[in-house]
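2 protein chains.
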Amino acid sequence: MQPNILSMINLLSNLKIAVPDKIFIKDPESSDLGKRIIEHSILLIDEIGFDSFTFKKLGVKIGSNESSIYRYFESKHKLLLYLTSWYWAWIEYQMVFATHNVPDAKERLFKAIEVITQTIKEDVTITHINEVILNRIIINEYSKSYLTKEVDSENKEGYFVAYKRVVKRLSEIINAVNSQYQFPSSLASTIVEGALHQHFLKAHFRSITDCGKDVTPTEFFLNLTQNVLKSTSNESK
Amino acid sequence: MQPNILSMINLLSNLKIAVPDKIFIKDPESSDLGKRIIEHSILLIDEIGFDSFTFKKLGVKIGSNESSIYRYFESKHKLLLYLTSWYWAWIEYQMVFATHNVPDAKERLFKAIEVITQTIKEDVTITHINEVILNRIIINEYSKSYLTKEVDSENKEGYFVAYKRVVKRLSEIINAVNSQYQFPSSLASTIVEGALHQHFLKAHFRSITDCGKDVTPTEFFLNLTQNVLKSTSNESK
DNA sequence: GCAAATATAATAGTATTACTATCGTTTTTG
DNA sequence: CAAAAACGATAGTAATACTATTATATTTGC
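Chains as they are written, first to last, in this note's numbering: chain A, 52 to 288; chain B, 52 to 288.
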């Protein structure tokens, strides 16, 4: 029997999303102040952008002190890594639930792409994290978390595992649909990154995207993936 | 008149405005110091990354003063916009040149994708601009030029026209190959952005890309585009 | 060839950022 | 209830991202 949507949502909201613990000094989930830091950093970054975001400004917003925030995160960069890790871990859970007990590989791929490319419409949990706004932050700021000179050492520390797991899961589903296809990882990473990009273009550079009112990034990437995998499977000898 | 001739005329007139003049205070091409600023900003950004790059450090490198550099660019952000505009205008030139006098639409698409996705191997010009290094900067820093709160106003000022022209040209070539395909702009923008991303993954996150020693981003995107356009053209009513 | 215009260099100064360090007070908990 | 942990307040630092001013060097137009 299929569990209904509501029970899945409940289960999701009760799950603690795992973020690599080297990212923070003190786990923000372990205290009230920590949760307020996360909640309001999402709101403030969305409001003024990550570049203008400072711990001092966040302190004012939450009625706390700059120095207290530094006891949770050693820098705003680490805080961004925390938020992005949380987001991708959350997406991974959505992917797993959406594809769970779906026997047909093509249907699993359809569901997975939907989870990855869709606009998050409503805040589904009752926690301090607003996923709708966090999704906007990912679209606008995610690249900044890895486009740094420290990317290789931070990658070694495991700061990007959540993101890489999402891409790997998608590439496995792609492979299950068509094991003849030569580039499952590149296709998966192109879909994940490309979805964020199409959402950005939709909001700021409409002349170079077909996504807008009528067309969604989901439609575009579903069509693209179907065509790519259909063609190659027809070629199989 | 033939379309390829129009294309060349178009390009020539666009090369003159390759870099919108509102980007700089004083045209760096107009003086020796200006050229040294461009030449060494490329080297220094590649060396230490855009985030650590400052006009003071650049001044030391070129034996000049911070205040003199500020007479050319009002901020390091504007300098990045200059470099990226120059890069995309240069790519556009390469695209038009490579597809010029190629009668077959599929062949034109092949050549265009090659120009956009290839690793730039050698510094082809004799100018102060090293395209190999500039290409690395675009891979590592381009997103930062538009992932800002000012993107809409800067877009209105025309700071991203060069980039948008490259995407539009590619989408036109896609359309010439298969006018039935529904998402030429999204496919084009996905290829342009995705190529940069695959190059980045190749260098830093090898586990989520198939691109590496054996496979190039060019191969991946050529295969993808062919499959996407083949499938849809077969469906044409 | 020389004055005027322009370009560049040198110096100083400002507000802000991204922290670190210290210390006192409040809150938690064993 | 005492010790530990958490938090707040304040101060301080080096660097950043500039602006402003003045002096000097270079180019140019007549």
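We put the beta carbon where it would ideally sit given N, CA and C, even for glycine.
Collapsed DSSP secondary structure at residue i in the structure displayed
i, result
"residue 266 of chain A", "coil"
"residue 156 of chain B", "helix"
"residue 203 of chain B", "helix"
"residue 69 of chain A", "coil"
"residue 172 of chain A", "coil"
"residue 260 of chain A", "coil"
"residue 190 of chain A", "helix"
"residue 179 of chain A", "coil"
"residue 232 of chain B", "coil"
"residue 197 of chain A", "helix"
"residue 245 of chain B", "helix"
"residue 211 of chain A", "coil"
"residue 250 of chain B", "helix"
"residue 255 of chain B", "helix"
Same chain, Cβ closer than 8 Å to residue i, neighbours up to 5 away in sequence not counted
i, result
"residue 200 of chain B", "none"
"residue 163 of chain A", "146, 149, 150, 220, 221 and 224"
"residue 267 of chain A", "168, 169 and 170"
With 16 other Cβ atoms within 10 Å as the buried cut-off, status of residue i
i, result
"residue 73 of chain A", "exposed"
"residue 80 of chain B", "exposed"
"residue 233 of chain B", "exposed"
"residue 85 of chain B", "buried"
"residue 196 of chain B", "buried"
"residue 178 of chain B", "exposed"
"residue 121 of chain A", "exposed"
"residue 265 of chain A", "exposed"
"residue 99 of chain B", "exposed"
"residue 173 of chain A", "exposed"
"residue 186 of chain B", "buried"
"residue 194 of chain B", "buried"
"residue 155 of chain B", "exposed"
"residue 92 of chain A", "buried"
Residue i versus residue j - alpha carbon distance
i, j, result
"residue 209 of chain B", "residue 157 of chain A", "43 Å"
"residue 161 of chain B", "residue 274 of chain B", "10 Å"
"residue 95 of chain A", "residue 244 of chain A", "24 Å"
"residue 125 of chain A", "residue 217 of chain B", "41 Å"
"residue 237 of chain A", "residue 260 of chain B", "4 Å"
"residue 229 of chain B", "residue 77 of chain A", "55 Å"
"residue 211 of chain B", "residue 253 of chain A", "15 Å"
"residue 289 of chain A", "residue 188 of chain A", "As shown, chain A starts at 52 and ends at 288. That puts residue 289 of chain A outside it, with no answer to give."
"residue 279 of chain A", "residue 123 of chain B", "47 Å"
"residue 183 of chain B", "residue 104 of chain A", "34 Å"
"residue 240 of chain A", "residue 119 of chain B", "43 Å"
"residue 204 of chain B", "residue 192 of chain B", "20 Å"
"residue 89 of chain B", "residue 128 of chain B", "13 Å"
"residue 202 of chain B", "residue 256 of chain A", "9 Å"
"residue 37 of chain A", "residue 113 of chain B", "A question about residue 37 of chain A goes unanswered here, because the residues of chain A that appear run from 52 up to 288."
"residue 75 of chain A", "residue 82 of chain A", "13 Å"
"residue 198 of chain A", "residue 242 of chain A", "19 Å"
"residue 171 of chain B", "residue 87 of chain A", "47 Å"
"residue 215 of chain B", "residue 258 of chain A", "8 Å"
"residue 281 of chain A", "residue 231 of chain B", "18 Å"
"residue 207 of chain B", "residue 97 of chain A", "22 Å"
"residue 235 of chain B", "residue 276 of chain B", "10 Å"
"residue 180 of chain A", "residue 227 of chain A", "34 Å"
"residue 133 of chain B", "residue 101 of chain A", "23 Å"
Other residues of its chain near residue i: CB distance less than 6 Å, five sequence neighbours each side excluded
i, result
"residue 137 of chain B", "70"
"residue 117 of chain A", "106, 107 and 110"
"residue 190 of chain B", "247, 250 and 251"
"residue 269 of chain A", "165, 168 and 169"
"residue 159 of chain A", "150, 153 and 224"
Residue i: CB within 8 Å of a non-hydrogen atom of the ligand FAD
i, result
"residue 122 of chain B", "Among the components of this structure there are no ligands whatsoever, and the ligand FAD is therefore not found."
Own chain residues within Cβ distance below 7 Å of residue i, not counting five before or after
i, result
"residue 166 of chain B", "142, 145, 146 and 149"
"residue 271 of chain A", "249, 261 and 262"
"residue 213 of chain A", "136, 139, 140 and 143"
Would you mind listing the beta strand (DSSP E) stretches within the region 70-138 of chain B that are 3+ residues and don't spill past its ends, in chain order? If we require 3 residues or more, the region 70-138 of chain B turns out to have no beta strand (DSSP E) run fully inside it.
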